[in-house]
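Counted the way mature numbering (1 follows the signal peptide of the UniProt record, and there is no 0) counts, the sequence shown spans residues -28 to -1, 1 to 557. Just so you know, even glycine gets a beta-carbon here, dropped at the ideal spot from N, CA and C. Because the structure is a prediction, the values reported are computed rather than measured. Structure first, commentary second.
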Amino acid sequence: MASFKNKIFSIFFFLLITTFSLLPFSDHHNDGSPSPPPSPPPPQQQYISQTYPQPKSRNKPLGTWSLLQRSTGISAMHMQLLHNNKVIIFDRTDFGPSNLSLPFGQTCNFRHQYLRSSPDCTAHSILYDVASNTFRPLFLQTNVWCSSGAVNPTGTLVQTGGYFTGDHKIRLFTPCNDDLCDWIELRRNLSVQRWYASNHILPDGNIIIVGGRRTYSYEFFPRNPIGCSDSKAFNLSFLIETTDYQEENNLYPFLHILPDGNLFIFANQRSILFDYVSGKVVREFPQLPGEKRSYPSTGSSVLLPISLHETLQSPAVVEVMICGGARAGAFPMAERGVYTAAARTCGRMNLNDVSPEWIIEKMPLRRVMPDMILLPTGDVLIINGAGRGTAGWENAVEPALHPVLYEPDKRLFTVLNPTRRPRMYHSSATLLPDGRILVGGSNPHVAYEFRGVNFPTDLSLESFSPPYMDERFAYYRPSILTVEYDTDETLSYGQYFALTLSMSFSGLDRRVMVTLIAPSFTTHSFAMNQRLLVLHVDVVEQVSLFGFRVTVRAPLSPNVAPPGYYMLFVVHDEIPSHAVWVHLH
């Protein structure tokens, strides 16, 4: 009997120790003060949703939401997926302590803060590991509030600008396979301050940085392709012309590199095709009618999927789409507590037309501060934001809880299942390699506010699984087994290469599509550098009962696909595989 009791006690003790070993350690600030409260669960109040047409088929899957992290300790103002399947996330640094301590022994930073000046021993950036659903703190030296970024051809994030001590700064983050990599701040500075600017990688691998608050110019990093000083800013009068009195409405301009090598720039309601080498406007496009579209009347923009021909250097159809925004005067009205209805329209235009015109689409829901994410299928997900107001502190109400799926080929919108967490000002989203959307952020307050406000600061991370991830489609989902690289494991422009893949379903027909997606730097409702290319499929062969070999051709030039890392998806009958990373150079 005693032996039996001893065995029971041993089992109980083992289970107790195991349970405690799995619990996270408590997080305390290095200065000895108690930690601020963690991000609360979704508020119990029921947010008012907009009415919209119900889908015709109630059996059609409408996506699912999952809470990944109740609190990461910071709010996700900025987000960038890296090619090692980790996401770098960061907030501004001047509001006071975050809810995440720096590692023990890390040097505290004496920051000039929005509210006060004091030592700050907390992290304002994290590295999120998608596979393990874990994160670790990173150290930022200067303020990255409302900054911008782009990943260079080697996979390093080049992050620029910010506020006060950070407005001239250039920072790098190079992915690593251990926990030793962190932010590096360069001694070299930007030539002028950049706050609310936009970045884009160029065909030659350099990065162009455009605009910013009261900054009507552009510059390059690391090299200047124009041939003069690397640290020189070039005037861009278009940014002056698109500035509205009191409102601005031209910050975070939308940038897209076109297959002819020129840069599409959109601000406010106007857009140009810009030769950044000569500094000349090649073409001015018609004004987008309706509401204002740029910060703080924030809409969003994507370059719709580009289908590549086997031999043509430049695609015949290159379309831009811009959705959401707010009417003229909405920002000063919101500052007074009067929240006007957000835009319900999108503008879509083929930039290659001889006489291009905007085609106006009507969304099922009004939206300001939307994020537009390109999906592997070529569809567009519109997510986050609000139904009334503008960007800015406390400037919006009526959270847009329902994502909306837009199918460009059908010109069809579908309202998807809602989240319970409002994602208002300073929220973000990005596509993950498995096809989910990572969603985080929302802090429409000067500091972190968790109680007594309509929309508490949100420190959580969620994922949204689009309809194609529904379990009923698992049978049709392809799995990529191998990619045939060059000897240096890179893809060359114009190269034919083969993929081997498997499927539970033994048939692979003409509905197979291979897509490349460039990961975006997402902040303030604009996914910088986002790009989707539909590759030319040359041959599809069945090599076994459930095995297939697909031969495709890489993009022909860096104008079509700037050098760097891309997610490669195989899509069969509108169901995508998990992505593999390829390096195009």
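Supposed close pair residue i, residue j - CB separation, criterion 8 Å
{"i": "Gly301", "j": "Arg265", "result": "So it is not a contact: roughly 15 Å between Cβ atoms."}
{"i": "Val387", "j": "Val376", "result": "6 Å"}
{"i": "Thr270", "j": "Ala363", "result": "4 Å"}
{"i": "Met335", "j": "Val292", "result": "Not confirmed; about 16 Å, so no contact."}
{"i": "Leu346", "j": "Gln502", "result": "6 Å"}
{"i": "Asn367", "j": "Ser399", "result": "Between Ser399 and Asn367 the Cβ distance is about 14 Å, and since that is not below 8 Å, they are no contact."}
{"i": "His544", "j": "Met475", "result": "7 Å"}
{"i": "Gly251", "j": "Ala314", "result": "Not quite, the Cβ-Cβ distance comes to about 35 Å (not below 8 Å), so this is no contact."}
{"i": "Glu191", "j": "Ile181", "result": "5 Å"}
{"i": "Val506", "j": "Ile278", "result": "7 Å"}
Closest residue to residue i among the options (Cα-Cα distance)
{"i": "Ile489", "options": "Phe62, Ser272 and Leu404", "result": "Leu404"}
{"i": "His96", "options": "Ala239, Gly45 and Pro125", "result": "Gly45"}
{"i": "Leu275", "options": "Thr132, Thr36, Leu208 and Gly350", "result": "Gly350"}
{"i": "Pro438", "options": "Asn57, Phe427, Thr402 and Thr128", "result": "Thr402"}
{"i": "Phe493", "options": "His50, Tyr267, Leu280 and Gly413", "result": "His50"}
{"i": "Glu220", "options": "Pro527, Ala169 and Pro194", "result": "Ala169"}
{"i": "Thr472", "options": "Asp151, Ser273, Tyr447 and Phe541", "result": "Phe541"}
{"i": "residue 558", "options": "Phe193, Asn178 and Tyr224", "result": "With the chain covering -28 to 557 only, the question about residue 558 has no answer from this structure."}
{"i": "Leu158", "options": "Gly133, Gly177 and Val182", "result": "Gly133"}
{"i": "Ile244", "options": "Ala103, Leu211 and Glu263", "result": "Leu211"}
{"i": "Gln285", "options": "Tyr537, Trp553 and Ser529", "result": "Ser529"}
{"i": "Asp460", "options": "Phe445, Ile60, Pro371 and Leu556", "result": "Leu556"}
{"i": "Arg299", "options": "Arg395, Arg339 and Glu443", "result": "Arg339"}
{"i": "Asn161", "options": "Asp150, Leu152 and Lys141", "result": "Lys141"}
{"i": "Pro535", "options": "Ala122, Glu421, Asp406 and Gln218", "result": "Ala122"}
{"i": "Tyr325", "options": "Pro258, Arg308, Asp343 and His281", "result": "The residue asked about is misnamed: residue 325 is Asp in this sequence, not Tyr. When each option's Cα is compared against that of Asp325, the closest is Pro258."}
For residue i, the three-state DSSP class (helix, strand or coil)
{"i": "Ser163", "result": "coil"}
{"i": "Glu443", "result": "helix"}
{"i": "Ala551", "result": "coil"}
{"i": "Tyr188", "result": "coil"}
{"i": "Phe541", "result": "strand"}
{"i": "Gly138", "result": "helix"}
{"i": "Tyr267", "result": "strand"}
{"i": "Leu211", "result": "helix"}
{"i": "Glu219", "result": "coil"}
{"i": "Glu546", "result": "coil"}
{"i": "residue 580", "result": "A question about residue 580 goes unanswered here, because the residues of the chain that appear run from -28 up to 557."}
{"i": "Tyr420", "result": "coil"}
{"i": "Pro8", "result": "Bear in mind that a pLDDT of 45 at Pro8, under 50, signals an unreliable position, so the number given afterwards is only what the model happens to contain. In this structure, Pro8 counts as coil in the three-state DSSP scheme."}
{"i": "Tyr448", "result": "helix"}
{"i": "Phe76", "result": "coil"}
{"i": "His172", "result": "strand"}
{"i": "Thr36", "result": "strand"}
{"i": "Gln131", "result": "strand"}
{"i": "Ser(-8)", "result": "Since pLDDT at Ser(-8) reaches only 36, below the 50 mark, its modelled position is unreliable, and the value read off the structure follows with that caveat. DSSP places Ser(-8) in helix when its eight states are reduced to three."}
{"i": "Pro91", "result": "strand"}
{"i": "Ile198", "result": "coil"}
{"i": "Ile237", "result": "strand"}
{"i": "Arg101", "result": "The sequence as given places Asp at residue 101; Arg does not occur at that position. Asp101 falls in the strand class under three-state DSSP."}
{"i": "residue 613", "result": "Summary: the structure shown does not reach residue 613, with the chain confined to residues -28 through 557, and so no result is reported for it."}
{"i": "Glu256", "result": "strand"}
{"i": "His(-1)", "result": "Here the model assigns His(-1) a pLDDT of 33, short of 50, so the residue's position is not dependable and the matter cannot be decided."}
{"i": "Tyr465", "result": "coil"}
{"i": "Ser432", "result": "coil"}
{"i": "residue 558", "result": "Any property of residue 558 remains undetermined from this structure, which presents the chain solely from -28 to 557."}
{"i": "Leu453", "result": "strand"}
{"i": "Phe62", "result": "strand"}
{"i": "Ala470", "result": "strand"}
{"i": "Asn31", "result": "coil"}
{"i": "Asp458", "result": "coil"}
{"i": "Ala205", "result": "coil"}
{"i": "Leu152", "result": "coil"}
{"i": "Asn115", "result": "coil"}
Beta carbon proximity, residue i to chain C, threshold 7 Å
{"i": "Gly309", "result": "Among the chains in the structure shown there is no chain C, since it carries only a single protein chain."}
Original post:
Can you give, in chain order, each stretch of the beta strand (DSSP E) that sits fully within the stretch 473 to 536 and has at least 3 residues?
Top reply: 484 to 490, 493 to 495, 498 to 500, 503 to 506, 508 to 514 and 519 to 525
Original post:
Does the stretch 440 to 453 touch the stretch 538 to 553, meaning 3 or more C-beta pairs lie closer than 8 Å?
Top reply: yes
Original post:
Does the stretch 518 to 534 come close enough to the stretch 423 to 435 that 3 or more CB-CB pairs lie under 8 Å?
Top reply: no
Original post:
When the Cβ atoms of the stretch 138 to 151 are set against those of the stretch 204 to 213, are three or more pairs found closer than 8 Å?
Top reply: no
Original post:
Is the stretch 223 to 236 touching the stretch 162 to 179 in the sense that three or more CB pairs, one from each, lie closer than 8 Å?
Top reply: yes
Original post:
Three or more C-beta pairs closer than 8 Å, one from the stretch 32 to 42 and one from the stretch 126 to 145: is that the case here?
Top reply: no
Original post:
Taking only runs of the beta strand (DSSP E) that begin and end inside the stretch 343 to 409, which ones reach a length of at least 3 residues, in chain order?
Top reply: 343 to 346, 352 to 355, 358 to 361, 368 to 371, 376 to 379, 384 to 387 and 399 to 403
**OP:** Count the CB pairs spanning the stretch 102 to 113 and the stretch 55 to 68 that are closer than 8 Å, and state whether there are at least three.
**Re:** yes
Original post:
What residue ranges within the stretch 276 to 341 form continuous alpha helix (DSSP H) runs of no fewer than 4 residues, ordered along the chain?
Top reply: 302 to 307
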